[in-house]
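In this text, residue positions in the sequence shown follow full-length UniProt numbering: the first is 1, and each later residue adds one. Glycine included, every Cβ here is placed at the ideal spot set by N, Cα and C. Predicted, not measured: the structure shown is a model, and the values here were computed from it. The structure appears right after this line, and notes come after that.
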Amino acid sequence: MAQSDTVVRILDTAEALFAEKGFAETSLRAITSRAKVNLAAVNYHFGSKKALIQAVFARYLDPFCEEFNQELAILEKKSEVSLEELLEVLARCTISVPATKGSLSVFMRLLGLAYTQAQGHMRRYLQEHYGQTFLRFTNLLKLSSADLPDAERFWRIHFMLGAVVFTMSSLDALRDIALSDYDEKTRIADLVARLLPVVTAAMQAPVPEQPELVKQ
Numbered sequence: 001m002a003q004s005d006t007v008v009r010i011l012d013t014a015e016a017l018f019a020e021k022g023f024a025e026t027s028l029r030a031i032t033s034r035a036k037v038n039l040a041a042v043n044y045h046f047g048s049k050k051a052l053i054q055a056v057f058a059r060y061l062d063p064f065c066e067e068f069n070q071e072l073a074i075l076e077k078k079s080e081v082s083l084e085e086l087l088e089v090l091a092r093c094t095i096s097v098p099a100t101k102g103s104l105s106v107f108m109r110l111l112g113l114a115y116t117q118a119q120g121h122m123r124r125y126l127q128e129h130y131g132q133t134f135l136r137f138t139n140l141l142k143l144s145s146a147d148l149p150d151a152e153r154f155w156r157i158h159f160m161l162g163a164v165v166f167t168m169s170s171l172d173a174l175r176d177i178a179l180s181d182y183d184e185k186t187r188i189a190d191l192v193a194r195l196l197p198v199v200t201a202a203m204q205a206p207v208p209e210q211p212e213l214v215k216q
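As structure tokens, then:
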């Protein structure tokens, strides 16, 4: 269902301010002032600041998960799925979600904030609404990286996500540096093509010896 101009304007403004200032530091008054709407409009369409934050995420994650689940269903029918194939599907779905110019990097910044700021409700929301998709992905990832101990795989998944979130959230700055220092114009697809082998190699790296725990 098409969203009203008012809803889109609120979401666009909230997204930009959350990414710029953080969730806690952005007030509804700041959002309504920049969006040129009154507080009643926000309350009517969203009900609360928490619900508005969740709606900002949903307009990216809903179409992403719809496409990603379709791709995962195809992979699940295969007798064997390589790590490279699985991560390529993830990358393709991530960059294919319809979005305005620059919004992918903004969303990645928001995703990082959801885990680094005290947003317990956001983590619960992500788990409740998108946890099943993440579980399907991690199940396939486990099959394609069977040599890794479960604890090591847990850390590597989050190292991988950290690299992706940092790179994509810094997209504009990195492309400016590449253009200035190396005279290289970089498309998102080019960047992803470079990033994929790096995160794949990180997932496939030998398991290091675990250091002895220091007793406190």
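Taken atom to atom, the span from the alpha-carbon of D150 to that of P206 is near 14 Å. If you draw a straight line from the Cα of F64 to the Cα of R34, it is about 28 Å long. R175 places its beta carbon less than 7 Å from that of T186.
In its chain, beyond the 5 residues on either side, R136 have a beta carbon closer than 6 Å to the beta carbon of L72.
A distance below 7 Å separates the beta carbons of L28 and V42.
In this structure, the alpha-carbon of E15 lies about 35 Å from that of Q204. Here the C-alpha atom of T32 lies approximately 22 Å from the C-alpha atom of Y60.
In terms of Cβ geometry, L86 and L196 do not form a close pair [threshold 7 Å]. Counting other Cβ atoms within 10 Å of its Cβ, L113 reaches 16 or more and is therefore classed as buried.
Sorting I188, D181, A58 and L148 by C-alpha distance to the C-alpha of E128 places A58 at the top. With at least 16 other beta carbons inside 10 angstroms of its own, T94 counts as buried. Judged by their CB atoms, L83 and S144 are nearer to each other than the 7 Å cut-off.
Take the alpha-carbon of K77 and the one of D62: they are about 23 Å apart.
Contact check for M160 and A202: beta-carbon distance about 6 Å, within the 8 Å limit, so the pair qualifies.
With fewer than 16 other Cβ atoms from the protein chains shown falling within 10 Å of its own Cβ, Y182 counts as exposed. In the three-state scheme derived from DSSP, where H, G and I count as helix and E and B as strand, F46 is classed as coil. For a cut-off of 8 Å, the C-beta gap from I10 to M122 is around 18 Å, too long to register as a contact. When the Cα atoms are used, T138 and D5 turn out to be separated by approximately 38 Å. Cβ contact annotation for T133 (same chain, cutoff 7 Å, sequence separation greater than five): C65, F68 and N69, in chain order.
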